[in-house]
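Protein sequences appear in the order of chains A and B. Numbering follows UniProt numbering, in which position 307 of the first sequence is assigned residue number 307; successive positions increment by one, without gaps. Numbering follows UniProt numbering, in which position 55 of the second sequence is assigned residue number 55; successive positions increment by one, without gaps. Just so it is clear, CB atoms sit at the ideal spot from N, CA and C, and this is done for glycine as well. For reference, the structure is listed below as structure tokens.
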Amino acid sequence: MSTSSRNPMKDLVAFAGAATTGFSAHNTDRTPLSLAAEACSKLLRECGLKASDIDGICGPSSVSAGDLQNTLGIPELTWWSNPPIPFVNQVIQAASAVHAGVCDTVLVYHVPYRHAFFTASALRDPFRRVMPAIAPGGNPDTMWGPIGYTAWASRYIHDYNVPKERFGLVAINDRSNAQDNPGAAMREPMTMDDYMSARMVRWPLCLLDMDVPVDGADAFIITTTERARDLPFSPVMINAAVLGMVDANVEDQTVSLEHHGHHVVAKALKAKSDFWIDDIDVYFPYDGFTIITLNWLENIGFCGRGEAGDFLAANWDAEKNRILINGRIPVNPHGGALSEGGTQGSGHIREAIHQLQGRAGVRQVANARRTLVTAGGFFYNAQGLALHRD
Amino acid sequence: MSRSISDSDLVSTFAHLGIDRDSAAHYAGRLEHLLLINRCGECSTYHHPPRPMCAKCWSTDVAATEVTGNGVIDLLIFLHQGPQAPGVDYSTPYPVASVALDEQAGLRFTATVIGSPNEEIAIGQRVTLDWFDRAGVPTPAFRLVGGAA
Ligand SMILES: [Zn+2]
Numbered sequence: 001m002s003t004s005s006r007n008p009m010k011d012l013v014a015f016a017g018a019a020t021t022g023f024s025a026h027n028t029d030r031t032p033l034s035l036a037a038e039a040c041s042k043l044l045r046e047c048g049l050k051a052s053d054i055d056g057i058c059g060p061s062s063v064s065a066g067d068l069q070n071t072l073g074i075p076e077l078t079w080w081s082n083p084p085i086p087f088v089n090q091v092i093q094a095a096s097a098v099h100a101g102v103c104d105t106v107l108v109y110h111v112p113y114r115h116a117f118f119t120a121s122a123l124r125d126p127f128r129r130v131m132p133a134i135a136p137g138g139n140p141d142t143m144w145g146p147i148g149y150t151a152w153a154s155r156y157i158h159d160y161n162v163p164k165e166r167f168g169l170v171a172i173n174d175r176s177n178a179q180d181n182p183g184a185a186m187r188e189p190m191t192m193d194d195y196m197s198a199r200m201v202r203w204p205l206c207l208l209d210m211d212v213p214v215d216g217a218d219a220f221i222i223t224t225t226e227r228a229r230d231l232p233f234s235p236v237m238i239n240a241a242v243l244g245m246v247d248a249n250v251e252d253q254t255v256s257l258e259h260h261g262h263h264v265v266a267k268a269l270k271a272k273s274d275f276w277i278d279d280i281d282v283y284f285p286y287d288g289f290t291i292i293t294l295n296w297l298e299n300i301g302f303c304g305r306g307e308a309g310d311f312l313a314a315n316w317d318a319e320k321n322r323i324l325i326n327g328r329i330p331v332n333p334h335g336g337a338l339s340e341g342g343t344q345g346s347g348h349i350r351e352a353i354h355q356l357q358g359r360a361g362v363r364q365v366a367n368a369r370r371t372l373v374t375a376g377g378f379f380y381n382a383q384g385l386a387l388h389r390d
Numbered sequence: 001m002s003r004s005i006s007d008s009d010l011v012s013t014f015a016h017l018g019i020d021r022d023s024a025a026h027y028a029g030r031l032e033h034l035l036l037i038n039r040c041g042e043c044s045t046y047h048h049p050p051r052p053m054c055a056k057c058w059s060t061d062v063a064a065t066e067v068t069g070n071g072v073i074d075l076l077i078f079l080h081q082g083p084q085a086p087g088v089d090y091s092t093p094y095p096v097a098s099v100a101l102d103e104q105a106g107l108r109f110t111a112t113v114i115g116s117p118n119e120e121i122a123i124g125q126r127v128t129l130d131w132f133d134r135a136g137v138p139t140p141a142f143r144l145v146g147g148a149a
């Protein structure tokens, strides 16, 4: 298959803004709809938009577009959709609808939520117990879903003889960065001893290798770049966006860590975008599991096979106890999925927008103009997004 | 295909494993202690999990076919916690292995490993198929072959 560079939407659609409720690693007494409505109304106010300015809505299936429209009193929609996460899927669908002229201004949202499946404490909330199950249960003899990442982490350690401390650098980077993010769920400093002594969940991955189930919401406005120029914040243009998947996409049938969805994303995003890893000012690799970040660094081209851990050690900012690629490029400065909270990519994209708009507060990367978000995992949800400003 | 068990009983026996019409023959095989993997009648390619068509040649002539269950551990984890299942308490971490089957390169089947202490189980070791009962239902498992690898 040849990789197409065709990209007629390039830079014509943009994020006008992004907002968040912040995230909690404890059960809140809020519904997903309540959290979504808070983030969305906050963002609409910040952008100076009225309900009637919105004609499209897109978010995950956990909060229907119709319920959100009804809650916010958005009078008329010409487009809406509730596709599966991770969140670049929502972005691509909304941007495509704008580019096609199905609608002009889309309210895009995500609601990470502590569903009963994720944790025992979430299961204790009777309101969460009656929510629809999102994962199968009762079968330990499987590499299904999250377990598949553990399986390939195990294989990665075996093939490349990687010490577990190298995985810890991903977790410590996120935690160090989260200390500057008041919306992050986990902000206490983490040492390598903390990481290495964390409770084993599925060997070889421990609790701190896995993202934090949180309650919270992110909201975004996606519209034409032309329309975004009339709004208060500088437009963050979508230079390129792709999803990636290969045929052997079942967890235990994946060919190898050298052939899966990441590689499709890397190839297609590079072909469609105007800039690449040497041109970016901040980088957002997905970190739902530490192994995903290590593998993204290799698959996007920062280093070779099995070298990501050594790459992190060589690009470590000892003063701030975090990654700084080439002494310049921070990685997941908001704290990522491991410390801000498991947002399935929405937190990474929100922070990317805030960085490029110069609105990231104490976390601001000086003169940030370009970024890559490489979201999702190996099997059926790899995604990429190239964002920049003027 | 004729089966000795009714569709209704088959579905209720394996509902927690996500049985559907495409995987019914595989699960029915378990009741006879047979590991059945879909194989194409046109080009002889195996695939798993069971699909209604051969991905190599688009033939719909795919049939659940017995395999030996001999192979090599490709992926290996130990669950320190996990879903509730009869006879599994995770106080001893529960091994789960994806085994590259001898029948075809890259074809894997996932099951637990029985008969050896966890310290002796490792990626690269040869295994063979065995069965145990979980809540009265035959369940495939792997067993290390010939002691240490
Ligand atoms: Zn065939």
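Close Cβ partners of residue i (< 6 Å) along its chain, the five nearest in sequence each way excluded
i, result
"Asp390(A)", "none"
"Gly146(B)", "none"
"Leu243(A)", "Gln383"
"Asp125(A)", "Asn27"
"Met190(A)", "Ile172 and Arg175"
"Ile238(A)", "Val13 and Ala95"
"His348(A)", "Phe284 and Val373"
Three-state secondary structure assigned by DSSP to residue i
i, result
"Leu10(B)", "helix"
"Thr45(B)", "coil"
"Gly17(A)", "strand"
"residue 453(A)", "Outside the modelled stretch of chain A, which goes from 1 to 390, sits residue 453(A), for which no answer is possible."
"Ile85(A)", "coil"
"Val62(B)", "strand"
"Gly384(A)", "strand"
"Ser256(A)", "strand"
"Met192(A)", "helix"
"Arg227(A)", "helix"
"Gly336(A)", "helix"
"His115(A)", "coil"
"Pro35(B)", "Correcting the residue identity first, residue 35(B) is Leu in this sequence and not Pro. In this structure, Leu35(B) counts as coil in the three-state DSSP scheme."
"Pro140(B)", "strand"
"Gly148(A)", "helix"
"Phe167(A)", "helix"
"Ser24(A)", "strand"
"Leu324(A)", "strand"
"Asp390(A)", "coil"
Distance cut-off 7 Å: residue i Cβ against heavy atoms of ligand 1
i, result
"Glu42(B)", "yes"
"Thr45(B)", "yes"
"Lys10(A)", "no"
"residue 197(B)", "This structure cannot settle anything about residue 197(B), because the visible part of chain B is limited to 1 through 149."
"Ser59(B)", "yes"
Cβ shell of residue i (< 7 Å), same chain only, five flanking positions each side left out
i, result
"Leu79(B)", "Tyr90, Pro93, Tyr94 and Val96"
"Thr60(B)", "Pro52 and Met53"
"Leu72(A)", "Ala37, Cys40, Ser41 and Ala51"
"Leu207(A)", "Ala198, Arg199 and Val201"
Span of the beta strand (DSSP E) around residue i
i, result
"Val201(A)", "Met200 to Trp203"
"Cys47(A)", "Segment: none, Cys47(A) is in no beta strand (DSSP E) and carries neither H nor E."
"Trp131(B)", "Arg126 to Arg134"
"Ala375(A)", "Arg370 to Ala375"
"Arg98(B)", "Note that residue 98(B) corresponds to Ser in the displayed sequence, not to Arg. Taken as a continuous stretch (DSSP letters only), the beta strand (DSSP E) holding Ser98(B) covers Tyr94 to Leu101."
"Pro75(A)", "From DSSP, Pro75(A) is part of no beta strand (DSSP E); its letter is neither H nor E."
"Pro285(A)", "Val282 to Pro285"
"Asn249(A)", "Careful: Asn249(A) lies outside any beta strand (DSSP E) and carries neither H nor E."
"Gly71(B)", "Gly71 to Leu79"
"Ile292(A)", "Taken as a continuous stretch (DSSP letters only), Ile292(A) belongs to no beta strand (DSSP E), being part of the alpha helix (DSSP H) at Thr290 to Asn299."
"Leu107(A)", "Thr105 to His110"
Unbroken alpha helix (DSSP H) run spanning residue i, endpoints
i, result
"Val26(B)", "Looking at the sequence shown, residue 26(B) is not Val but His. Taken as a continuous stretch (DSSP letters only), the alpha helix (DSSP H) holding His26(B) covers Ala24 to Leu31."
"Arg350(A)", "Ser346 to Leu356"
"Ala217(A)", "Taken as a continuous stretch (DSSP letters only), Ala217(A) belongs to no alpha helix (DSSP H), as it is neither H nor E."
"Arg129(A)", "Pro126 to Arg129"
8 Å CB neighbourhood of residue i in its chain, flanking five on each side removed
i, result
"Phe232(A)", "It is worth fixing the name first, because residue 232(A) is Pro in this sequence and not Phe. Gly17, Glu46, Cys47 and Gly48."
"Val255(A)", "Val246 and Ala248"
"Ile300(A)", "His262, Ala266, Ile277, Pro285, Leu372 and Thr374"
"Ile157(A)", "Lys164 and Pro204"
Does the pairing of the region 65-79 of chain A with the region 261-269 of chain A give three or more beta-carbon distances under 8 Å? Taking 8 Å as the limit for Cβ pairs, the verdict is that the region 261-269 of chain A does not touch the region 65-79 of chain A.
So, do the region 26-44 of chain A and the region 215-227 of chain A have three or more beta carbon pairs nearer to each other than 8 Å? Contact holds: three or more Cβ-Cβ distances are below 8 Å.
Per the contact definition of three or more C-beta pairs closer than 8 Å, is the region 360-380 of chain A in contact with the region 195-214 of chain A? Counting Cβ pairs under 8 Å, fewer than three are found: no touch.
Assess, as a yes-or-no matter, whether the region 78-89 of chain A is touched by the region 318-337 of chain A under the definition of 3 or more beta carbon pairs within less than 8 Å. Output reads no: the region 78-89 of chain A does not touch the region 318-337 of chain A.
For the pair the region 26-36 of chain B and the region 57-75 of chain B, tell me if three or more CB-CB distances fall below 8 Å. yes
How do the region 286-301 of chain A and the region 340-352 of chain A stand: do at least 3 beta-carbon pairs fall below 8 Å, yes or no? yes
Should the region 3-10 of chain A be called in touch with the region 268-275 of chain A, which here means at least 3 C-beta pairs below 8 Å? yes
Can at least three beta-carbon pairs, one atom from the region 109-125 of chain A and one from the region 316-323 of chain A, be found at a separation below 8 Å? Taking 8 Å as the limit for Cβ pairs, the verdict is that the region 316-323 of chain A does not touch the region 109-125 of chain A.
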